[in-house]
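Numbering (our numbering), first residue to last: 397 to 647.
This is the structure:
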């Protein structure tokens, strides 16, 4: 089936987000399409739930996507990082983790991230692949061969938040142009089993709205009743070919 025969609703980026039990929503997502058809999608996950980061998280996503669509993924996320530079882990100001993907018409997508927001690709056969690597102490422990039960204790300790992001510390990844892009906050991928996440991605690979909603809905509270903010943003492969804007209000 050609992209021209697919309904616009199946080509537009789709965002789903749900407030958790810890306080006001500090997740945000944004998408922007530049005049040349380049589409940029971003998800930010504020650290904590203080009003300053609740207010700033949507601004970070908007800045990243708008600059990214014109100047590229690295420039987009670094520009957003300027808004929290020097105010994060070592100070008293707001901080966040984030991921940005920029898709130019007819080419691969470029992804970049800071922290543990994840970037996935869904192939045409429904296979799910994770392109980002969590920048957490827990992930570093795993790479060092630390036992899983011990490494897991560091999964909530962010090594590289947005406030510490520099061109030297961030990695760009290429995502094939024929893959649907999925960005999730940790409220999704930490509270949805990997097999379940892969199953949902395969089931809804051609339905961006259904996929975003399903991923967020699948996030469950832990044994203590805690459920984090959960956000999923889906960029279907057809959107980058046509340079379509999202049909969703607020994106």
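Ideal placement from N, C-alpha and C gives every residue a C-beta, glycine not left out.
Inset, instruction - Identify the continuous alpha helix (DSSP H) that holds residue 513 and give its terminal residues. - result: Taken as a continuous stretch (DSSP letters only), residue 513 belongs to no alpha helix (DSSP H), as it is neither H nor E.
Legend entry - CA nearest to the CA of residue 479, picked from 468, 470 and 460: 460
Legend entry - Start-to-end residues for the beta strand (DSSP E) that takes in residue 466: Per DSSP, residue 466 belongs to no beta strand (DSSP E); it is in the alpha helix (DSSP H), 447-467.
Legend entry - Validate contact between the region 553-568 and the region 585-592 using beta carbons, cut 8 Å, 3 pairs: no
Inset, instruction - With residue 623 as the anchor, note down where its alpha helix (DSSP H) starts and where it stops. - result: Careful: residue 623 lies outside any alpha helix (DSSP H) and carries neither H nor E.
Inset, instruction - Please classify residue 584: does DSSP put it in a helix, a strand, or coil? - result: helix
Inset, instruction - Tell me whether residue 420 sits in a helix, a strand or coil according to DSSP, three-state version. - result: coil
Legend entry - Burial state of residue 622, where buried means 16 or more other Cβ atoms lie within 10 Å: exposed
Legend entry - residue 523 in three-state terms, based on DSSP: coil
Inset, instruction - Determine, using beta carbons only, whether residue 423 and residue 581 come nearer to each other than 7 Å. - result: yes
Legend entry - Neighbourhood of residue 453 by C-beta, 7 Å cutoff - its chain only, sequence neighbours within 5 removed: 422, 423, 424, 440, 442 and 492
Inset, instruction - Report the residue from 598, 554 and 556 whose alpha carbon sits nearest the alpha carbon of residue 578. - result: 598
Inset, instruction - In the DSSP assignment, find the unbroken alpha helix (DSSP H) run with residue 594 in it and report its ends. - result: 590-599
Legend entry - Separation of residue 455 from residue 502, as counted between CA atoms: 29 Å
Inset, instruction - Using only alpha-carbon positions, find the residue among 592, 496 and 504 that is nearest to residue 471. - result: 496
Inset, instruction - Taking residue 617 as the reference, give the member of 524, 418 and 413 with the closest Cα. - result: 418
Inset, instruction - Helix, strand or coil for residue 500, going by three-state DSSP, please let me know. - result: coil
Inset, instruction - Find out if the Cβ-Cβ distance for the pair residue 612, residue 594 is shorter than 7 Å. - result: no
Legend entry - According to DSSP, residues forming a beta bridge with residue 505: 499 and 571
Legend entry - Three-state class that DSSP yields for residue 544 in the structure shown: helix
Inset, instruction - Measure from the alpha carbon of residue 552 to the alpha carbon of each residue in 420, 444, 427 and 521, then state which is nearest. - result: 444
Legend entry - Separation of residue 409 from residue 643, as counted between CA atoms: Low confidence applies here, because residue 643 scores a pLDDT of 34, under 50, leaving its location unreliable; read the following figure in that light. C-alpha separation (whole angstroms): 8 Å.
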